[in-house]
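Engineer: Just so you know, the sequences run in chain order A and B. Using our numbering, the letters of the first sequence map in sequence onto residues 640 to 875. Using our numbering, the letters of the second sequence map in sequence onto residues 640 to 875. Ideal placement from N, C-alpha and C gives every residue a C-beta, glycine not left out. Following this message is one structure expressed as structure tokens.
Protein chains: 2
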Amino acid sequence: MATKAAERRLAPRHDTARGAMEPLVQESTPSMIAGRVREAIASGLIPPGSQLGEANLARELGVSRGPLREGLQRLTAEGLLISIRNRGLFVIEMTPERVRDMYLARQAVERAAAEQIHQRDPVSAGAALAKVIDVMASARDQHAESAADVSFHELLVSLAASPRLSRMHEILITETRMCIHALSDLYLPGEAVRVEEHRAIAQSFTGSDPALTDELLVAHMSDAVRRLTDGRLEPA
Amino acid sequence: MATKAAERRLAPRHDTARGAMEPLVQESTPSMIAGRVREAIASGLIPPGSQLGEANLARELGVSRGPLREGLQRLTAEGLLISIRNRGLFVIEMTPERVRDMYLARQAVERAAAEQIHQRDPVSAGAALAKVIDVMASARDQHAESAADVSFHELLVSLAASPRLSRMHEILITETRMCIHALSDLYLPGEAVRVEEHRAIAQSFTGSDPALTDELLVAHMSDAVRRLTDGRLEPA
DNA sequence: TCTAATAGTATTGTCGACAATCGCACGACT
DNA sequence: AGTCGTGCGATTGTCGACAATACTATTAGA
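Printed below as a string of structure tokens:
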């Protein structure tokens, strides 16, 4: 594998004109690998429970096993993979127990994010969220609808401008997306209901009503958990 | 480095008597390395801002650079280290901004944990927390006092029995400990006050008063942030 | 004296190969 | 018939070496 070094030296002598020239921080290879595999897991391309063969993955991604293993260690730290010594890495399976825990954590993060937004700029946040909801409302298939749903919650947390909340949420959203694909037949709450739930949350920001936002968020999460775990084994 | 394989075959023919025989899950080497380095950072042995030379660390820990880098990738994923390509890994520095964000995230996690405890078994949780407070009250030096403080919050979250909250909290607690050492001169709230704040929280569990717990927790965090960022640059 | 090009050094990034371990299938023994 | 031992194939764990890059010191030039 040839290293891509020539990509660096471009612009022969130009001496940084406007401030528009960024320091060119290229993320590390393990980071890119982790992102790629994470996306593959979230999108259902790599199903839950399956083993990740290092040799295969390395070949597919065009890298050696070294950087690959480093990237996979990240996903292990995120709890997305579990490592069994001398056996390999496996994608976690989403049991009802895990789904409950995941939403418990998501609730913690998103409630905190919402509270933070209310202390910053709830009105413009509500407007931004409303746009995503419009996309959701105009979604034609279930896939686009779910994507908009995810976008809504990602935007919600990012509006809190908290690196740590965002980082924690990214992991949880990955699990959520994985869950959506694995249990896709359960995750259809009826288009209208879903849109309305989200719109209510957005409007609670516009109306600057922290208590209402919190209440709606809790209800929203409870609904999702109920949908995803109903009819399944081991009730709470 | 000799592999410890002989630890596996013990008990010659005994056919699992009581359930006390665990599956003996030995954690992976990168995981152990991550734990070791994490502890070194949390305890202040490796100060914030310092670079982690791979060759040195590998020699000290008695491993090759491969497993070491894998372990370090975990800490990078946790946000404890930042990676600059072709430059190396550096321990993050705790700016006031970061301290605020850290406590925002801690608040999110611990409030959720507290809420969960109230839905499970608040009384026995309060009792367990009271024991830690006794240790804190009998601490002779500042070091032991801080350790008990950390133990209190670790126990608090673990009592919620949520793997995800615990995992997120572990990262945040590491940052907290690092912060305590880096700014040790600021983190002395006066022994009596600190003990009383914690005891109030524990008693709010015993009294099954979720709203009070929440309120005390928020105040507790705000106090810590104020202490750690006061007199420092850039106010909120 | 200050700037700029350059060589040297140290560190990281990547790779290929070897060693260790596990699961499985086949066969022998009680 | 069931259980234990053994060899085989495949995968992971680990290591050492090489390549690429960035920082530093030195030196030539204006």
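Could you tell me whether the Cβ of B/Arg806 comes closer than 7 Å to any Cβ of chain A?
Structural biologist: yes
Engineer: On the three-pair Cβ rule with 8 Å, is the region 832 to 851 of chain A touching the region 800 to 808 of chain A?
Structural biologist: The region 832 to 851 of chain A, when compared against the region 800 to 808 of chain A, does not touch it at the 8 Å Cβ threshold.
Engineer: Below 8 Å on the Cβ atoms is my guess for B/Val796 versus B/Glu749; work out the distance and round it to an integer in Å.
Structural biologist: 6 Å
Engineer: Please report how far the alpha carbon of B/Val834 lies from the alpha carbon of A/Ile672, in whole angstroms.
Structural biologist: 46 Å
Engineer: Should A/Pro735 be counted as a contact of the ligand MN given a C-beta to heavy atom distance under 6 Å?
Structural biologist: Ligands displayed in this structure: none; no statement on the ligand MN is therefore possible.
Engineer: So what does DSSP say about A/Leu691, is it helix, strand or coil?
Structural biologist: Residue state, collapsed to three classes: strand.
Engineer: Alpha carbon to alpha carbon, how far is A/Gly692 from A/Phe729?
Structural biologist: 9 Å
Engineer: If you draw a straight line from the alpha carbon of A/Val738 to that of A/Asp760, how long is it in whole angstroms?
Structural biologist: 32 Å
Engineer: Assess, as a yes-or-no matter, whether the region 808 to 827 of chain A is touched by the region 783 to 793 of chain A under the definition of 3 or more beta carbon pairs within less than 8 Å.
Structural biologist: yes
Engineer: Do you know how far the Cα of B/Ala839 is from the Cα of B/His757?
Structural biologist: 15 Å
Engineer: So does the region 716 to 725 of chain B actually touch the region 710 to 720 of chain A, counting three or more Cβ pairs closer than 8 Å?
Structural biologist: The count of Cβ pairs closer than 8 Å, one atom from the region 716 to 725 of chain B and one from the region 710 to 720 of chain A, reaches three, so the stretches are in contact.
Engineer: Measure from the alpha carbon of A/Asn695 to the alpha carbon of each residue in A/Pro687, A/Ala681, A/Leu707, then state which is nearest.
Structural biologist: With distances taken between Cα atoms, A/Asn695 lies closest to A/Leu707.
Engineer: With burial defined as no fewer than 16 other Cβ atoms inside 10 Å of the residue's Cβ, what is the status of A/Pro686: buried or exposed?
Structural biologist: exposed
Engineer: Go ahead and pull the three-state DSSP assignment for B/Ala730.
Structural biologist: At residue 730 of chain B the sequence reads Val, which differs from the Ala that was named. B/Val730: strand per DSSP, three-state reduction.
Engineer: Under 8 Å Cβ-Cβ, which residues of chain B neighbour A/Gly718?
Structural biologist: Neighbours of A/Gly718 on chain B, chain order: Pro802, Arg803, Arg806.
Engineer: At the level of alpha carbons, what is the spacing between A/Leu855 and A/Gln665?
Structural biologist: 40 Å
Engineer: For A/Ala769, which residues of its own chain have a beta-carbon under 7 Å away from its beta-carbon, when the five flanking residues on both sides are left out?
Structural biologist: Ala841
Engineer: If distances are taken between C-alpha atoms only, which option among B/Gly710, B/Leu720, B/Ala858 comes closest to B/Met733?
Structural biologist: With distances taken between Cα atoms, B/Met733 lies closest to B/Leu720.
Engineer: Spatial neighbours of B/His820 within its chain, please: C-beta separation below 6 Å, excluding the five flanking residues on both sides.
Structural biologist: Gly683
Engineer: Taking Cβ to Cβ, would you say B/Gln746 is nearer than 7 Å to A/Gln712?
Structural biologist: The Cβ atoms of B/Gln746 and A/Gln712 lie no closer than 7 Å to each other.
Engineer: Whose Cβ in chain A lies nearer than 8 Å to the Cβ of B/Ala751?
Structural biologist: Leu743, Ala744, Gln746, Ala747, Arg750
Engineer: Smallest Cα separation from A/Val762: which of A/Leu822, A/Ile680, A/Ser843, A/Gln781?
Structural biologist: The candidate whose alpha carbon is nearest that of A/Val762 is A/Ser843.
Engineer: By the three-class DSSP mapping on this structure, what secondary structure does A/Leu719 have?
Structural biologist: A/Leu719: coil per DSSP, three-state reduction.
Engineer: Under a Cβ-count criterion, where at least 16 other Cβ atoms within 10 Å of its own Cβ denotes burial, should A/Asp740 be classed as buried or exposed?
Structural biologist: It counts as buried.
Engineer: Buried or exposed: B/Gln781, going by 16 or more other Cβ atoms within 10 Å of its Cβ?
Structural biologist: exposed
Engineer: Going by DSSP in three states, B/Gly710 sits in which element: helix, strand or coil?
Structural biologist: helix
Engineer: Does the distance from the CB of B/Thr852 to the CB of B/Ala766 come in under 7 Å?
Structural biologist: no
Engineer: Name the residue from B/Glu709, B/Glu699, B/Ala681, B/Gly688 whose alpha carbon lies nearest to the alpha carbon of B/Ala668.
Structural biologist: The sequence shown places Thr at residue 668 of chain B, rather than the Ala named in the question. It is B/Glu709 whose Cα lies nearest to the Cα of B/Thr668.
Engineer: Where do the N-terminal and C-terminal ends of the alpha helix (DSSP H) with A/Asp862 fall, by residue?
Structural biologist: 849 to 868
Engineer: Taking the runs of the beta strand (DSSP E) that are 3 residues or longer, which of them lie wholly in the region 727 to 804 of chain B?
Structural biologist: 727 to 730
Engineer: Would A/Ala864 be called buried (16 or more neighbouring beta carbons within 10 Å of its own) or exposed?
Structural biologist: Note that residue 864 of chain A is Val in the sequence shown, not Ala. Its Cβ being crowded by 16 or more others within 10 Å, A/Val864 is buried.
Engineer: Flag this pair as yes or no: are the beta carbons of A/Leu798 and A/Ala751 separated by less than 7 Å?
Structural biologist: By the CB criterion at 7 Å, A/Leu798 and A/Ala751 fall outside the cutoff.
Engineer: Quick one: Cα of A/Gly688 to Cα of A/Glu736, how far?
Structural biologist: For the pair A/Gly688 and A/Glu736, the Cα-to-Cα distance works out to about 16 Å.
Engineer: Hey, out of B/Ile772, B/Glu793, B/Leu794, whose CA is closest to B/Val832's CA?
Structural biologist: B/Ile772
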